[in-house]
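Right, one structure below, let's go through it.
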Ligand SMILES: Nc1ncnc2c1ncn2[C@@H]1O[C@H](COP(=O)(O)OP(=O)(O)O)[C@@H](O)[C@H]1O
Ligand SMILES: [Mg+2]
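In the numbering used here, the protein residues as written are 781 to 1037.
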């Protein structure tokens, strides 16, 4: 049984300029417990793909199977239930600015019906798990980017997800903070057994944390392999291009250090 399966997914958008094929015939499987990367340049279709996986977007054709069940055939009620098992973190954190850190993390628990006191106690535990219990009473505006992403991760843990979608979750962070957040995601993967889908434009992110990776370009899946193999023997121009960009980045960094 595949834990997550995209089966011949296609997504077209109609715009003033005509039809855009954001996803063309995308198929892949992610195993339970895996950290799977989807990499591509801006406009490759990565966000559209995640939005189809949590059904914020309806594919034009094809389907997504979560634990062997198509999420495309679900009723609204069933969808709400399944969605709870799929958490998401974003580039810009999406925290509620008027709520304290603790109350941000407690929110999904309260929505699920927990009493406020119980929700806040649980929220404490998750803040400890992400390493910022001392920030419980702060407000998001008082936190660094890395701390904000930790709050977002604590909040997602509070929903007890089985699958975590990370759409450019480290793209607003500096390299050192990126590494810390990726290490935290790896811990969470191990400790809670949460399967993680990492969506990124950065090969360094894939290299740091992913088991396998799929390369997207122009809405097509160009290549899929273990990270080790992809780095050692990239087969397509798309993969080679992304690896070259990473090398350029490193040279730039070396030049300024
Ligand atoms: N709601 C939309 N309407 C029209 N075009 C869209 C919409 N969402 C995405 N697109 C187009 O689909 C393509 C893929 O976009 P996206 O999935 O956001 O790429 P990525 O996340 O890899 O940068 C782009 O050409 C984008 O302009
Ligand atoms: Mg995107």
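The beta-carbon is built from N, C-alpha and C at its ideal position, and this holds for glycine as well.
Practice task
Provide the residue span of the alpha helix (DSSP H) that contains residue 790, from first to last.
Solution key: As a position in the chain shown, residue 790 is number 10, starting the count at 1. Note, residue 790: premise wrong, no alpha helix (DSSP H); beta strand (DSSP E) at 784-795.
Handout entry: Any non-hydrogen atom of ligand 1 closer than 8 Å to residue 1025 Cβ
Key = In the chain shown, counting from the first residue as 1, residue 1025 sits at position 245. No - ligand 1 has no heavy atom lying nearer than 8 Å to the Cβ of residue 1025.
Practice task
Kindly indicate the opening and closing residues of the alpha helix (DSSP H) around residue 983.
Solution key: For the purposes of this step, residue 983 is taken as the residue at position 203 of the chain shown. Looking at the DSSP string, the run of the alpha helix (DSSP H) that includes residue 983 is 983-989.
Handout entry: Exposure of residue 797, with buried meaning 16 or more beta-carbon neighbours within 10 Å
Key = The residue labelled residue 797 in the question sits at position 17 within the chain shown. With fewer than 16 other beta carbons inside 10 angstroms of its own, residue 797 counts as exposed.
Problem - Helix, strand or coil at residue 885 according to DSSP, with G and I counted as helix - result: In the chain shown, residue 885 corresponds to position 105, counting from 1. Three-state result, residue 885: helix.
Practice task
Could you please give the first and the last residue of the uninterrupted beta strand (DSSP E) stretch that includes residue 827?
Solution key: Indexing the chain shown from 1 puts residue 827 at position 47. Where residue 827 is concerned, there is no enclosing beta strand (DSSP E), although the alpha helix (DSSP H) it sits in stretches over 826-833.
Handout entry: Three-pair Cβ contact test at 8 Å for the region 975-984 versus the region 807-824
Key = They touch, by the three-pair rule.
Practice task
Check whether the Cβ atoms of residue 885 and residue 907 sit closer than 9 Å, and answer yes or no.
Solution key: Here residue 885 corresponds to residue number 105 of the chain shown, with the count starting at 1. Here residue 907 corresponds to residue number 127 of the chain shown, with the count starting at 1. A contact, by the Cβ cut-off of 9 Å.
Handout entry: residue 1003 (DSSP reduced to helix, strand or coil)
Key = Stepping through the chain shown from its first residue, residue 1003 is reached at position 223. In the three-state DSSP reduction, residue 1003 falls in the strand class (E or B).
Handout entry: Check whether residue 787 and residue 804 have beta carbons under 9 Å apart
Key = As a first step, residue 787 must be located in the chain shown, where it is residue number 7. As a first step, residue 804 must be located in the chain shown, where it is residue number 24. No, the Cβ-Cβ distance between residue 787 and residue 804 is not below 9 Å.
Problem - C-alpha distance - residue 844 paired with residue 860, whole-angstrom precision - result: Stepping through the chain shown from its first residue, residue 844 is reached at position 64. Stepping through the chain shown from its first residue, residue 860 is reached at position 80. Straight through space, the alpha carbons of residue 860 and residue 844 are spaced by roughly 15 Å.
Exercise for the section: Taking residue 951 as the reference, give the member of 944, 943, 962 with the closest Cα. Expected result: Along the chain shown, read from residue 1 onward, the residue named residue 951 stands at position 171. Residue 962 is the option with its Cα nearest to residue 951.
Practice task
Taking 6 Å as the limit, tell me which residues put their C-beta closer than that to any heavy atom of ligand 1, in chain order.
Solution key: Residues flagged by the Cβ proximity filter: 793, 795, 800, 802, 820, 822, 823, 824, 825, 826, 827, 828.
Problem - Classification of residue 811 by the beta-carbon crowding that lies within 10 angstroms, buried from 16 upward - result: The residue you call residue 811 lines up with position 31 of the chain shown. Residue environment: residue 811 is assigned as exposed (fewer than 16 neighbouring CB atoms within 10 Å of its CB, all protein chains considered).
Handout entry: Assigned secondary structure, residue 961 (DSSP; H/G/I helix, E/B strand, else coil)
Key = As a working mapping, residue 961 is identified with position 181 in the chain shown. DSSP, reduced to helix, strand and coil, places residue 961 within a helical segment of the structure shown.
Handout entry: Local conformation of residue 993 per DSSP, three classes
Key = Counting from 1 along the chain shown, the entry for residue 993 is found at position 213. Residue 993: strand per DSSP, three-state reduction.
Practice task
In angstroms with no decimal places, state the Cα-to-Cα distance between residue 910 and residue 799.
Solution key: For the purposes of this step, residue 910 is taken as the residue at position 130 of the chain shown. For the purposes of this step, residue 799 is taken as the residue at position 19 of the chain shown. Spanning the alpha carbons of residue 910 and residue 799 requires a straight line of approximately 43 Å.
Practice task
Please find out if some non-hydrogen atom of ligand 2 comes closer than 8 Å to the beta-carbon of residue 837.
Solution key: Here the question's residue 837 lines up with position 57 in the chain shown. Result no, Cβ not under 8 Å from ligand 2.
Practice task
Please say whether residue 938 and residue 880 have beta carbons closer to each other than 9 Å?
Solution key: If you number the chain shown from 1, residue 880 lands on position 100. If you number the chain shown from 1, residue 938 lands on position 158. The Cβ atoms of residue 880 and residue 938 lie no closer than 9 Å to each other.
Practice task
Specify whether the region 819-826 and the region 978-998 touch according to this definition: at least 3 beta carbon pairs, one from each stretch, less than 8 Å apart.
Solution key: Contact between the region 819-826 and the region 978-998 is present, because at least three Cβ pairs lie under 8 Å.
Practice task
Please state if the CB of residue 1018 and the CB of residue 820 are separated by a distance shorter than 9 Å.
Solution key: On the chain shown, position 40 is the one that residue 820 refers to. On the chain shown, position 238 is the one that residue 1018 refers to. In contact: residue 820 and residue 1018 (Cβ atoms closer than 9 Å).
Practice task
Determine which residues share a DSSP beta bridge with residue 954 and list them.
Solution key: For this step, residue 954 is matched to residue 174 along the chain shown. DSSP output for residue 954 lists no bridge partner at all.
Problem - Burial state of residue 867 (16 or more Cβ within 10 Å) - result: If you number the chain shown from 1, residue 867 lands on position 87. Buried is the call here.
Exercise for the section: Going by CA-CA distance only, name the one from 883, 782, 924 that's closest to residue 905. Expected result: Locating residue 905 in the chain shown gives position 125, where the first residue counts as 1. If you compare the alpha carbons of 883, 782, 924 with that of residue 905, the shortest gap goes to 883.
Problem - 8 Å Cβ shell around residue 941 - same chain, five flanking residues per side excluded - result: The count along the chain shown starts at 1 and reaches residue 941 at position 161. If the five residues before and after residue 941 are omitted, its C-beta is found closer than 8 Å to the C-beta atoms of 864, 865, 866, 867, 974, all from its own chain and listed in chain order.
Exercise for the section: Using three-state DSSP, classify residue 810 as helix, strand or coil. Expected result: Residue numbering aside, residue 810 sits at position 30 when the chain shown is read from its first letter. Reduced to three states, the DSSP call for residue 810 is strand.
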